[in-house]
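Chemist: For reference, the structure I am asking about is given below.
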């Protein structure tokens, strides 16, 4: 139920091309880490929606989603996907894969660099509602 509910929220998060732009790219980035293999596709995409909200500066959306994710037991922190935000080598690998030129994250109307994406991950990780 939680995966379906999380997936259903995706539709309202952007215009035609940006609705899931970062969410799926973040999923793809997370797949480079073997410890994330045990998590379902939708679970990682749900986390990616949080990162996308952070990238777009949508703090109100981020707060609402984190509250909903807690109710549905979806990951609202990288640690809930067995990823340590302080493990720079792993985060660098995720960021590099997420920012590959073929990824849909580049449809977002923001300037993307490894630093901006790292800041979005950190914002999600330390966001308090």
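Residue numbers (my numbering): 3 to 131. From the three backbone atoms N, C-alpha and C, an ideal C-beta is built for every residue, glycine too.
Verify whether the separation of the beta carbon atoms of residue 50 and residue 29 is less than 7 Å.
Modeler: For the purposes of this step, residue 50 is identified with residue 48 of the chain shown, where counting begins at 1. For the purposes of this step, residue 29 is identified with residue 27 of the chain shown, where counting begins at 1. In this structure, residue 29 lies closer than 7 Å to residue 50 by Cβ.
Chemist: Rounded to the nearest angstrom, how far is the Cβ of residue 78 from that of residue 54, given a contact under 8 Å?
Modeler: The sequence position of residue 78 within the chain shown is 76, counting from 1. The sequence position of residue 54 within the chain shown is 52, counting from 1. Wrong, their Cβ atoms sit about 14 Å apart, outside the cutoff.
Chemist: Count the other C-beta atoms from every protein chain shown that fall within 10 angstroms of the C-beta of residue 123, then say buried if there are 16 or more, exposed otherwise.
Modeler: Counting from one through the chain shown, the residue named residue 123 turns up at place 121. By the neighbour-count rule (16 or more Cβ atoms within 10 Å), residue 123 is buried.
Chemist: If we call anything under 7 Å between Cβ atoms a contact, is residue 56 one with residue 126?
Modeler: As a working note, residue 56 is residue 54 in the chain shown. As a working note, residue 126 is residue 124 in the chain shown. In this structure, residue 126 lies closer than 7 Å to residue 56 by Cβ.
Chemist: With H, G and I counted as helix, E and B as strand and the rest as coil, what does DSSP make of residue 76?
Modeler: Walking along the chain shown from the start, residue 76 turns up at place 74. Looking at residue 76 - three-state DSSP - the assignment turns out to be coil, as it is neither helix nor strand.
Chemist: If we ignore side chains and look at the alpha-carbon of each, how far apart do residue 86 and residue 80 end up?
Modeler: As a first step, residue 86 is located in the chain shown; it is residue number 84 there, counting from the start. As a first step, residue 80 is located in the chain shown; it is residue number 78 there, counting from the start. So the alpha carbons of these two residues sit roughly 6 Å apart.
Chemist: Identify which residue in 48, 73, 84, 90 has its Cα closest to the Cα of residue 120.
Modeler: Walking along the chain shown from the start, residue 120 turns up at place 118. Residue 90 is the option with its Cα nearest to residue 120.
Chemist: Indicate the three-state DSSP secondary structure (helix, strand or coil) for residue 59 in the structure shown.
Modeler: Reading the chain shown from its first residue, position 57 is the one you call residue 59. The answer is coil: DSSP assigns residue 59 none of H, G, I, E or B.
Chemist: I'd like the span of the alpha helix (DSSP H) that includes residue 99, first residue to last.
Modeler: Counted from its first residue, the chain shown places residue 99 at position 97. Note, residue 99: alpha helix (DSSP H), 90–100.
Chemist: Are the stretch 64–72 and the stretch 102–118 in contact at 8 Å, needing three or more beta carbon pairs?
Modeler: Verdict: no, contact absent.
Chemist: Assuming residue 83 contacts residue 101 under a Cβ cut-off of 8 Å, what Cβ separation, rounded to an integer in Å, is found between them?
Modeler: Here residue 83 refers to the residue found at position 81 of the chain shown. Here residue 101 refers to the residue found at position 99 of the chain shown. Not confirmed; about 19 Å, so no contact.
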